[in-house]
Amino acid sequence: MLREGMVASQVTACHNFYPRPETGLSRQAFRRANAWFKEAGLSVAAFFPGDQNCRGPLYKGLPTLEDHRHYSPFAAFVDLLHESVDDLILGDPDMSDQVLEQFIAWDKGVILLHAHPETQDKKLLKTLSTVQTNRPDEARDCVRSYESRMLHLVDTPILPDHHHRPRPTGSITIDNECYGRYQGEIQISKRDLAADEKVNRVGRITSKDLPLLQYISGSTKFQIVWESKRTNI
C-alpha cells in the first residue's frame, strides 16, 4: 500500500479484540506487530476491556491483549499507554463508577488503588486513604510513602500484630515499634516478601489493580481506596 501511494501518517493500524478467553494476543506478538507498524510510519490502536455491561455472547471482556482480560479497565489502559499505543479504545459498552473515578484521578496526576482492609482500625484506614507519594528514590521491592512521617502514625507506639504474615505482592504494611526509627513507614509490596515481625500487614491491593504497582515510579502520587463495606470510613 505504501508503494501505491498510501500516506502512512494518515493511517492507523487497529488491532482486533478477542471475546473468547485464551485467544487474546501475547505481549510478544503485540510488540512485534507494533514495531513493524511504527517502522512503517503508522499509528497504532488497541482495545482494553470494560467491567460493566460486557458485550455478549461470552461477556468476558473485549481486550486486545489476553493479559488484560483480568485487569481493571484502568490498569489495562495505563498498560497500553506504556506500550506506546496511540489510540486506546474501550471494547465493552461501559465502565463502573469505580473505574471512572480512577480516570478522573489520573487526570489529576494520582493513581487510585482499590484495596481490601485487613484491620478494623478505622482511624488508621482513614489516614492511609489520603493522597500519598512514592519516594523519589524508588525502591526495588516496595512503594514507600514519602508522607509516612507526616501522617503522625508514630504519636503512639505501633505494636506488633503477632501474626507475622507473609507479604505477597500488593500487601499494604506499616512498620511497627520493633523497627525503631522506621516505625510508621507505609509501604506497598511490589513483589512477594517474607513475613517480618517488625512489619504489620494492614491491607492488600485488589488483584485487578495489582498491575498498576509497576507504574508507580519515583514521585508518583497514589491513593488507596478501601473496598470493604465493613470499614465505613
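Counting in the UniProt record's numbering, the sequence shown runs from 1 upward without gaps. Note that beta-carbon positions come from the ideal geometry of N, C-alpha and C, so glycine has one too. Remember, it's a predicted structure, so these values are computed and weren't measured experimentally.
Membership of Ile188 in the beta strand (DSSP E) is indicated by the continuous run Ile186 to Ser189.
Nearest in C-alpha terms to Trp36, of all of Thr64, Ala13 and Ile186, is Ala13. Under the three-state reduction of DSSP, Arg55 is assigned to coil, being neither helix nor strand.
In this structure, the straight-line span from the alpha carbon of Thr127 to that of Asn200 is close to 15 Å. In the three-state scheme derived from DSSP, where H, G and I count as helix and E and B as strand, Pro136 is classed as coil. In the DSSP annotation of this structure, Asn200 is not part of any alpha helix (DSSP H); the continuous beta strand (DSSP E) holding it starts and ends at Val199 to Ile205.
Contact between Gly203 and Glu118 holds, with the beta-carbon distance rounding to 5 Å and staying under 8 Å. In the three-state DSSP reduction, Ser217 falls in the coil class, being neither helix nor strand. Here Ser148 is not near Asp87, since their CB atoms are 8 Å or more apart.
The Cβ neighbour count for Asp107, taken over all protein chains shown within 10 Å, is under 16; the residue is labelled exposed. In the structure shown, the three-state DSSP call for Gln223 is strand.
Between Gly56 and Asp92, the C-beta gap is not smaller than 8 Å, which leaves the two residues out of contact.
For Leu65, the beta-bridge partners assigned by DSSP are Leu25.
Secondary structure in the region 94-129: the alpha helix (DSSP H) runs of 4 residues or longer, each lying completely within the stretch, are 97-107 and 122-128 in chain order. Counting the other Cβ atoms within 10 Å of the Cβ of Gln120 gives fewer than 16, which makes it exposed.
Leu80 is classed as buried because its beta carbon has at least 16 other beta carbons within 10 Å across all chains shown. Residues of the same chain with a CB within less than 6 Å of the CB of Val225, apart from the 5 flanking positions on each side, are Leu112 and His114 in chain order.
In this structure, the alpha-carbon of Glu177 lies about 36 Å from that of Tyr71.
Taking all protein chains shown into account, Pro211 has 16 or more neighbouring C-beta atoms within 10 Å of its C-beta and is therefore buried. Spatial neighbours of Met95 in its own chain (CB-CB distance under 7 Å, excluding positions within 5 residues in sequence) are listed in chain order as Gly50, Asp51, Gln52 and Pro73. Comparing C-alpha distances from Thr220 to each of Arg181, Ala139 and Thr169 shows the shortest one belongs to Ala139. Straight across, the Cα-Cα distance linking Leu25 with Leu151 is about 44 Å.
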